[in-house]
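The sequence shown begins at 0 in numbering that gives the first Met the number 0 and counts up one residue at a time.
See structure below.
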Amino acid sequence: MIENLNLMTRRELIDTMKHLKGEAFMQMKELLRGEPHVSGIDANLDLFLITLDASTISDISYSLESYTWDLAEVYAQKVEAQANTQEDDENHLYWQALHEKWGYLEMASDT
Numbered sequence: 000m001i002e003n004l005n006l007m008t009r010r011e012l013i014d015t016m017k018h019l020k021g022e023a024f025m026q027m028k029e030l031l032r033g034e035p036h037v038s039g040i041d042a043n044l045d046l047f048l049i050t051l052d053a054s055t056i057s058d059i060s061y062s063l064e065s066y067t068w069d070l071a072e073v074y075a076q077k078v079e080a081q082a083n084t085q086e087d088d089e090n091h092l093y094w095q096a097l098h099e100k101w102g103y104l105e106m107a108s109d110t
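This is the structure in structure tokens:
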């Protein structure tokens, strides 16, 4: 369940950054260099306040949409063949949730 769209963990941001290029990558890198909004019990759980501009958020959302679409195709084939593992299920759910989070943030930033 998404409670606050503007807060993301270091892990979510690093995973997102792996699929970015150009200005979006540079802005994400800059965000991660800053101080977390809330420090977690583990560095991967540090929370960062997302203050990126609407254009960058849109670019990020599109990049993750492309990536999760590709993952979903492979996952669907595994499910149809009844060959999916628990790790496949968890990976699929993680990326879907992360993409949705950026998508909701994109919608919120457009208003």
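A virtual CB, placed ideally from N, CA and C, is assigned to each residue, including glycine.
Query, Result
"Rounded separation between Trp101 and Ala80 - CA only", "30 Å"
"Backbone CA spacing between Val73 and Asn83 [nearest angstrom]", "10 Å"
"Rounded separation between Trp94 and Ile49 - CA only", "18 Å"
"Simplified DSSP assignment, three categories, for Leu19", "coil"
"Terminal residues of the beta strand (DSSP E) in which Thr67 lies", "Unbroken run through Thr67 is the alpha helix (DSSP H), Ala53 to Glu79; no beta strand (DSSP E)."
"Where Leu4 falls: helix, strand or coil (DSSP)", "coil"
"Rounded straight-line distance, which links the Cα of Glu11 to that of Gly39", "13 Å"
"Proximity to His98 [Cα-Cα], best of Glu89, Thr15 and Val37", "Thr15"
"Presumed contact (8 Å Cβ cut-off) between Ser108 and Ala53, rounded CB distance", "4 Å"
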